[in-house]
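Under my numbering, the first residue of the sequence shown carries the number 1, and numbering increases by one thereafter. All C-beta atoms, glycine included, are put in the ideal place defined by N, C-alpha and C.
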Amino acid sequence: MAAMNVRAAVFRGPHRPLSVETLLLDPPGAGEVLVRMVASGVCHSDLHVVDGEWSRPSDVVLGHEGAGVVEALGRGVEGLAVGDLVVLAWTAPCIACPACLRAEPWLCADPRGSGHRLSPPQVRLRRRDGSPVGAYSGIGTFAERQLVAAEAAIPVDPGTPPEIAALIGCAVTTGVGAVLNTAAVRPGQSVVVIGAGGVGLSSIMAAVMAGAQPVVAVDAVPAKLLLARDAGATHTADSGGARALLAELTDAGADHVFEAIGLRETVELAVDLTRAGGTTTLVGMTPQGERASIDVYGFVEQGKRLLGSNYGSAVPARDFPRICALYLDGRLPLDLLVTERIRLDGLEDAFAAMRRRDGARRVVVF
1 MAAMNVRAAV FRGPHRPLSV ETLLLDPPGA GEVLVRMVAS GVCHSDLHVV DGEWSRPSDV
61 VLGHEGAGVV EALGRGVEGL AVGDLVVLAW TAPCIACPAC LRAEPWLCAD PRGSGHRLSP
121 PQVRLRRRDG SPVGAYSGIG TFAERQLVAA EAAIPVDPGT PPEIAALIGC AVTTGVGAVL
181 NTAAVRPGQS VVVIGAGGVG LSSIMAAVMA GAQPVVAVDA VPAKLLLARD AGATHTADSG
241 GARALLAELT DAGADHVFEA IGLRETVELA VDLTRAGGTT TLVGMTPQGE RASIDVYGFV
301 EQGKRLLGSN YGSAVPARDF PRICALYLDG RLPLDLLVTE RIRLDGLEDA FAAMRRRDGA
361 RRVVVF
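Put into structure tokens, the structure is as follows:
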């Protein structure tokens with residue numbers, strides 16, 4: 001198989017528009033899979049990179065929330081077949097480091113995705129002049145086709161709509177996993193979710209499915225609170241009214257509070273809204289170096305717990321198919337997450353909408 005032409009959106013540096021270019025992609029090598037992308041969500045993590053809030057190398061195909069169809073298998077790949085619908089995981093665990101050995105692959109110390117193909121001799125994607133182009137998180141989903149580590153391609157039910165499969169690759173798994181895996185919410189517990197974007201809405205759906213009561217959504221954007229109601233939230237409030245509403249509902253704060261925005265002030269609010277003995281789970285990613293303040297004396301005296309949830313504490317090979325099944329069974333109304341379907345050329349407009357906090361998720365369709 002010869003190298004092929006693919007259109008892709010390349011990150012050229014912070015505060016610059018992505019460059020949609022035609023690149024050369026090599027055929028799959030040992031342990032690799034060639035995937036024809038069908039959809040890719042536009043995640044806030046991509047925006048963090050574009051806006052310079054996270055330091056990342058340039059000349060990288062951005063995007064890390066995608067699904068596609070297997071077109072070819074490299075030598076030694078097992079468990080996949082040409083034609084499979086796969087969701088791409090942005091961390092492909094090494095299965096050998098201490099985190100993987102204790103069944104925490106989301107904390108893998110050496111994920112194949114992190115450095116896959118970023119430097120010779122593994123460069124597989126390049127411009128016509130031979131200059132290498134990397135793939136963000138090893139999957140670079142803003143591309144018509146990609147080579148990924150076989151461990152990153154998780155087969156799912158072929159009846160899953162492409163847009164939904166793509167969102168399961170990051171936002172949905174992050175939000176659902178925070179509730180079901182990290183915090184392990186139980187029936188009857190009270191839940192507050194701060195932030196009603198793609199991740200927060202997914203957390204709301206999972207909390208409802210877990211039997212939480214009440215489920216309160218907090219957001220500054222009225223349209224997002226309407227989406228939260230559609231996702232199953234029993235009550236909604238803006239940040240200014242959250243304390244008063246929670247005082248009416250619970251007297252002492254919520255059993256679980258999930259922060260799904262990634263801002264210092266909402267992190268601090270999340271801790272404040274948590275009852276004594278309750279759990280605050282931080283899900284939203286802040287700009288690098290961001291710090292928040294808490295009343296340490298009060299936190300300790302009240303016996304609160306603070307958890308960080310990376311990728312929903314998920315095991316992709318287990319959780320991607322499970323979430324697909326929950327969606328297909330009608331238990332997770334994920335369709336409401338798709339605000340707009342766009343093409344690669346529409347990414348800059350999608351980023352602008354995210355800065356305005358407009359809608360839940362834009363999805364690139366190929």
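Problem set entry | Range of the contiguous alpha helix (DSSP H) that encloses Thr-279 | For Thr-279, there is no enclosing alpha helix (DSSP H); the enclosing beta strand (DSSP E) has its first and last residue at 274-282.
For this session: Within its chain, find whatever has a CB closer than 6 angstroms to the CB of Ala-237; leave out the 5 residues flanking it on each side and keep chain order.
Result: Non-local beta-carbon contacts of Ala-237 in its own chain, meaning distances under 6 angstroms to residues more than five positions away in sequence, involve Val-218 and Leu-245 in chain order.
Exercise. Between which two residues does the alpha helix (DSSP H) harbouring Arg-318 extend?
Worked result: Per DSSP, the continuous alpha helix (DSSP H) segment holding Arg-318 begins and ends at 316-328.
For this session: Name the residue from Asp-26, Val-42 and Val-179 whose alpha carbon lies nearest to the alpha carbon of Val-148.
Result: Residue Asp-26 holds the alpha-carbon nearest to the alpha-carbon of Val-148 among Asp-26, Val-42 and Val-179.
For this session: Kindly indicate which three-state DSSP category Ser-313 falls into: helix, strand or coil?
Result: Ser-313 falls in the helix class under three-state DSSP.
Exercise. Quick one, which of Ala-228, Gln-189, Pro-222 and Ala-223 has its alpha-carbon nearest Ser-203's?
Worked result: Closest option to Ser-203, Cα to Cα, is Ala-228.
Exercise. Could you give the distance in angstroms between the alpha-carbon of Ala-183 and the alpha-carbon of Leu-24?
Worked result: Distance between the alpha carbons of Ala-183 and Leu-24: 43 angstroms.
For this session: Would you kindly report the start and end of the unbroken beta strand (DSSP E) that includes Leu-85?
Result: 85-88 is the span of the beta strand (DSSP E), which, as asked, contains Leu-85.
Exercise. In chain order, what residues of the same chain lie with their CB nearer than 6 angstroms to the CB of Pro-14, ignoring the 5 residues before and after it?
Worked result: Closer than 6 angstroms at Cβ, skipping near neighbours: Gly-52.
Exercise. Where Ala-152 and Arg-145 are concerned, what is the direct C-alpha to C-alpha distance, given to the nearest angstrom?
Worked result: Cα-Cα distance, rounded: 14 angstroms.
For this session: Could you tell me how far apart the beta carbons of Met-205 and Gly-232 are, in whole angstroms, since I believe they sit closer than 8 angstroms?
Result: By a beta-carbon distance limit of 8 angstroms, Met-205 contacts Gly-232. Their separation comes to about 6 angstroms.
For this session: Grab the span of the beta strand (DSSP E) containing Glu-65 for me, first residue to last.
Result: It is not in any beta strand (DSSP E) - Glu-65 carries neither H nor E in the DSSP assignment.
Problem set entry | Same chain, Cβ closer than 8 angstroms to Asp-157, five either side skipped, listed in chain order | Taken in chain order, the residues that qualify are Leu-85, Pro-321, Cys-324, Ala-325 and Leu-328.
Exercise. Hey, which unbroken runs of the beta strand (DSSP E) at 3 residues or more fall wholly within the region 92-176?
Worked result: Whole beta strand (DSSP E) segments, 3+ residues: 145-149 and 153-155.
Exercise. Ends of the alpha helix (DSSP H) at Ala-223?
Worked result: For Ala-223, the enclosing alpha helix (DSSP H) has its first and last residue at 222-231.
Problem set entry | Rounded C-alpha distance that separates Val-363 from Gly-175 | Here the alpha carbon of Val-363 sits roughly 17 angstroms from the alpha carbon of Gly-175.
For this session: With DSSP collapsed to three states, give me the class of Ile-204.
Result: Of the three classes helix, strand and coil, the one that applies to Ile-204 here is helix, per DSSP.
Problem set entry | Val-192: first and last residue of the uninterrupted beta strand (DSSP E) it sits in | Per DSSP, Val-192 belongs to the beta strand (DSSP E) from 191-194.
For this session: Kindly indicate which three-state DSSP category Ser-45 falls into: helix, strand or coil?
Result: Residue state, collapsed to three classes: helix.
Problem set entry | the region 282-297 / the region 69-86 touching (three or more Cβ pairs under 8 angstroms) | They do not touch, by the three-pair rule.
Exercise. Are Gly-197 and Ala-89 closer than 8 angstroms when you measure CB to CB?
Worked result: No, the Cβ-Cβ distance between Gly-197 and Ala-89 is not below 8 angstroms.
For this session: Mind checking which residues open and close the beta strand (DSSP E) that includes Phe-258?
Result: Residue range 254-259 is occupied by the beta strand (DSSP E) that includes Phe-258.
Exercise. Shortest alpha-carbon distance to Val-267 belongs to which of Ala-109, Gly-278, Ala-292 and Asp-251?
Worked result: Residue Ala-292 is the option with its Cα nearest to Val-267.
Problem set entry | Residues near Ala-178 by beta carbon distance below 7 angstroms, same chain, minus five either side | Close CB contacts of Ala-178 within its chain, under the 7 angstroms cut and outside five residues either way in sequence, are with Ser-203, Phe-258, Thr-281, Val-283, Ser-309 and Gly-312 (chain order).
For this session: Determine the DSSP secondary structure at Gly-74, reduced to helix, strand or coil.
Result: Note: Gly-74 maps to coil in three-state DSSP.
For this session: Enumerate in chain order the residues of its own chain whose CB-to-CB distance from Pro-375 is below 7 angstroms, with the five nearest sequence positions on each side excluded.
Result: The first residue shown for the chain is 1 and the last is 366, placing residue 375 beyond what the model contains.
For this session: Spatial neighbours of Thr-274 within its chain, please: CB distance less than 7 angstroms, with the 5 preceding and 5 following residues excluded, ordered by chain position.
Result: Taken in chain order, the residues that qualify are Gly-253, Ala-254, Val-257, Thr-280 and Lys-304.
Problem set entry | Continuous alpha helix (DSSP H) stretch holding Met-354: start and end | If you look at Met-354, you'll find it in the alpha helix (DSSP H) that goes 347-355.
Exercise. I think Val-61 touches Ala-103, with their Cβ atoms under 8 angstroms apart; what is that distance to the nearest whole Å?
Worked result: Actually they do not touch by this definition, with Cβ atoms about 31 angstroms apart.
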